[in-house]
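In my numbering, the protein residues as written are 715 to 1134.
From the three backbone atoms N, C-alpha and C, an ideal C-beta is built for every residue, glycine too.
Quick notes on the structure that follows.
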């Protein structure tokens, strides 16, 4: 959306960052570091473990280091429920999606079946570039929502087809900003603000109807995560949001936890000369701007963090960086977050939503720094059986699942769900 984020860090030397144990003088200063609220409930000793990272890595510790970085996923990590879905749902209920000349223009991976389903459901009577009547045309709203939510048509056919790296992108995520083609960033921001007001006002547990789909009707900021972010900031951390949602949408919400646009990274649409959103997205790690080939998704989140925060250019941005050039704390809730959360050198915070790859990493706890917490609102019950870590938990680049491996090449054994 912009040519680049502010390069926020002056990199410290590896030697200055290598120490994990604080010297006694720094430990004394750490006692005066900002404290996480004791009025907000965390699971087990998670608050204490997070506070230890703040005390050890924060500028308040007196270690003379450069500002450490913390990075958070957004949807279902900082908020309960998905804010991009809230905006898309609002837009569909208020006729804000413009009819494309061809539905194939909206995604390079849209299948023949999806093209036919959208054309039949949404019709061709509305002029190209005019709003589709999705508030009243239930079939049209249904096809759009089903493709976004489940990647298939209402008849069950695959919605997206072709080849893509399944650790760099997922077409149905990239498709949401593409649906707003022809709108300006200001318009999308305005829709998000209205959707945000509506979602925050709705009671916890509320639902709304889009087409015939019943979807969550409320969103809440997690008080614990808001407190964690603000405490990190007071302790001298640079805090970033890294989301696989639409960047203008995420920016509206991230303001509510004190994170500005320059610290919010999400899918960035390329704009035309009139400032309107196009189906193209900015690229990462040597992948040029295109139709969604390199969004902040699984390994793509690492790429965007390395590129936009640490200034790593080209193909190297896809690789894990040296210890001193990585985030100190990462937080997420799903497989889309597993790579960047795993890159963190101080703590890997995971909210348990029963997603196999990230929960296998968290429960295996290879480096002793993984912190698992139930969702703060309406936590899920314990997953029955075990996570299939040794067989199918790993999201293969070419699709499908495979065994999850540790750094030394050994296989992560299946794990039981113990924090719920």
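Can you look up residue i in the DSSP assignment and give me helix, strand or coil?
i	result
residue 983	strand
residue 1030	helix
residue 875	coil
residue 866	strand
residue 887	helix
residue 806	helix
residue 1129	strand
residue 1121	coil
residue 1001	coil
residue 1014	helix
In chain order, what residues of the same chain lie with their CB nearer than 7 Å to the CB of residue i, ignoring the 5 residues before and after it?
i	result
residue 1111	879, 880, 881
residue 1061	763, 764, 767, 1043, 1083, 1085
residue 1094	1066, 1067, 1068, 1134
Cβ atoms of residue j and residue i: under 8 Å apart, would you say?
i	j	result
residue 1087	residue 756	yes
residue 872	residue 835	no
residue 961	residue 994	no
residue 838	residue 817	no
residue 809	residue 841	no
residue 963	residue 855	no
residue 794	residue 1091	yes
residue 991	residue 896	yes
residue 824	residue 894	no
residue 831	residue 905	no
Less than 6 Å between C-beta atoms, sequence neighbours within five positions excluded: which residues of the same chain meet that for residue i?
i	result
residue 782	771, 951, 1042
residue 765	750
residue 945	748, 750
With a 10 Å radius around its C-beta and 16 neighbouring C-beta atoms as the bar for buried, classify residue i as buried or exposed.
i	result
residue 1124	exposed
residue 815	exposed
residue 1129	buried
residue 917	exposed
residue 746	exposed
residue 883	buried
residue 1059	buried
residue 692	For residue 692 there is no data in the structure shown, the boundaries of the chain being 715 and 1134.
residue 1119	exposed
residue 921	exposed
residue 969	exposed
residue 1098	exposed
residue 877	exposed
residue 790	buried
residue 1008	buried
Check whether chain C comes within 8 Å of residue i, counting only Cβ atoms and requiring the distance to be less than that.
i	result
residue 761	Protein chains in the displayed structure number just one, and chain C is not present.
Note to self: List, from N- to C-terminal side, the beta strand (DSSP E) runs of 3 residues or more that fit wholly inside the region 902-975.
What the structure shows: If only uninterrupted beta strand (DSSP E) runs of at least 3 residues are considered, those enclosed by the region 902-975 are 921-924, 927-930, 952-960.
Next item on the list: Identify every run of the beta strand (DSSP E) within the region 1043-1101, keeping only runs that are complete inside it and at least 3 residues long; order them along the chain.
Entry: Runs found: 1043-1046, 1061-1066, 1084-1088.
Item checked: Continuous alpha helix (DSSP H) assignments of at least 4 residues falling wholly in the region 810-842 -> If you keep only unbroken alpha helix (DSSP H) runs of at least 4 residues inside the region 810-842, you get 826-836.
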